[in-house]
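Each remark here refers to the structure printed beneath this line.
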Amino acid sequence: MITIGNYVKPKTLEEAYELNQARSSRVMGGMMWMRLGNARVKTIIDLSDLGLDQIEDEGNVIKIGAMCTLRQIEQCEALKELYGDGIAESVRHIVGVQFRNQATIGGSIYGRFGFSDVLTAFLALDTFVELYDGGTIRLSEFVNRRPDKDILLSIIVRKSKRKFRYGSIRQTKTDFPVIACSVVTGMVHGQETWYFSVGARPMKAALLEKQWEIPSDASEEIIAEYAKQAATEFTYGSNMRGSAEYRQHLAEVLIRREMASILAEGR
Ligand SMILES: Cc1cc2nc3c(=O)[nH]c(=O)nc-3n(C[C@H](O)[C@H](O)[C@H](O)COP(=O)(O)OP(=O)(O)OC[C@H]3O[C@@H](n4cnc5c(N)ncnc54)[C@H](O)[C@@H]3O)c2cc1C
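To convert, note that position 146 of the sequence shown is 146 in the UniProt record's numbering; the numbers rise steadily by one, no gaps.
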């Protein structure tokens, strides 16, 4: 059970950050994960008065405030226009609509959970995180940092002409994924580049980048070879949801399907 001493709703980011420096303080997002834990929290810091609940299209980037819910992301037209149904697909299986109306992107990314669909999806895109104290850094760097006392303000996705696909496998609907995979491709510095992100390995999502020039009419066998190569470059572990070998097999299948879908659409 979680026990909370004081509940505070700061009026400024500075106040929120200062309060969070105490060892027994915690920032809250939607509280959906934290409330299940066992902790004695002296001060819980609610960020909901700080204007962090908007998704803004700023021309060359999309800025998602940390307090935006997963449901907002699922329904965001700007993300849909850029990446089709991929982003919505990445959150669609998380529990249910009421849950997604409360769980936040800030809590999901800050938590760096191994099972995270959200992290797996955004890691493959050109994504940055904006931190109150730590500035703006790549999500791929943030994901490997140890949790500290900073506050995550927003997730920033740089717009570019990239194709994005997302897939996950669950043993039962709404369960945590057994494996989750994103594939993204686009031209980077004049080179065709493929990004692969695999999460729920069961370790947290990791990113792989490849400069592969694959013709749109590549045969199924060739795509399968590339998918196999990508899948073998990640490490996998075993837990109650599946063995390392099973996960690697599923990753290979999902990557192959996602690559084939991108190639079929044409780049
Ligand atoms: C039953 C259940 C099933 C789930 N299934 C899935 C699933 O299948 N796939 C999936 O991807 N996710 C799943 N999740 C995770 C969920 O989607 C959210 O990621 C999780 O609830 C955290 O989001 P939150 O807003 O509730 O954060 P909270 O629980 O409020 O916070 C989580 C952590 O992040 C910190 N934090 C929150 N916001 C900030 C911030 N702005 N700055 C700094 N630190 C911050 C908190 O201090 C805390 O340590 C599941 C969760 C539950 C409870």
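Don't be surprised by glycine CBs; every beta carbon is placed ideally from N, CA and C. In this text the structure is predicted, and so the values were computed from the model without any measurement.
- Classified as exposed, THR232 has fewer than 16 neighbouring CB atoms from the shown chains inside 10 Å of its CB.
- With contacts defined as CB atoms closer than 8 Å, TYR7 and ASP46 qualify as a contacting pair.
- Separation of GLU130 and LEU207 (C-alpha to C-alpha, rounded to the nearest whole angstrom) is 20 Å.
- Annotation for ILE94: no beta strand (DSSP E) segment contains it, and DSSP assigns it neither H nor E.
- Secondary-structure assignment with DSSP links ASN6 through a beta bridge to THR43.
- With a cut-off of 8 Å on Cβ pairs, the region 67–82 is not in contact with the region 132–145, counting fewer than three such pairs.
- Using a C-beta cut-off of 8 Å, the region 248–264 makes contact with the region 215–223, since at least three inter-stretch Cβ pairs fall below that distance.
- In this structure, CYS181 sits near ALA251, with a CB-CB distance shorter than 8 Å.
- Unbroken alpha helix (DSSP H) stretches of 4 residues or longer found wholly inside the region 179–258: 220–232, given in chain order.
- Counted as a single uninterrupted DSSP element, the stretch harbouring THR120 is not any beta strand (DSSP E) but the alpha helix (DSSP H) occupying residues 117–123.
- ILE64 has its CB no nearer than 7 Å to any heavy atom of ligand 1.
- By the 16-neighbour rule on beta-carbons within 10 angstroms, ASP126 is buried.
- For TYR246, the Cβ stays outside the 7 Å cut-off from all heavy atoms of ligand 1.
- Judged by DSSP secondary structure, SER168 falls outside any alpha helix (DSSP H) and instead within the beta strand (DSSP E) spanning 163–169.
- Closest in C-alpha terms to GLY186, from the list THR174, ILE137, LYS159 and LYS173, comes LYS159.
- For GLY106, the enclosing alpha helix (DSSP H) starts and ends at 105–111.
- Looking at the backbone, the Cα of ALA39 and that of LYS204 are separated by about 23 Å.
- When rounded, the separation of the alpha-carbon atoms in ARG100 and VAL91 is 8 Å.
- Within 10 angstroms of the beta-carbon of LYS173 lie fewer than 16 other beta-carbons, which makes it exposed.
- By the Cβ neighbour-count rule, LEU36 is exposed, with fewer than 16 other Cβ atoms within 10 Å of its own.
- DSSP, reduced to helix, strand and coil, places SER140 within a helical segment of the structure shown.
- For the pair TRP212 and TRP194, the Cα-to-Cα distance works out to about 7 Å.
- Placement of the Cβ of TRP33 at a distance of less than 7 Å from at least one heavy atom of ligand 1 is found.
- For ILE62, the uninterrupted beta strand (DSSP E) run begins and ends at 61–65, by DSSP.
- Around the CB of ASP148, fewer than 16 other CB atoms lie within 10 Å, so the residue is classed as exposed.
- Separation of the CB atoms of MET67 and GLY111 is rounded to 14 Å, and the pair is thereby denied contact status at 8 Å.
- The Cβ atoms of LYS42 and ALA16 do not sit closer than 8 Å to each other.
- A distance criterion of 7 Å places the beta-carbon of MET259 beyond contact range of ligand 1, judged by its closest non-hydrogen atom.
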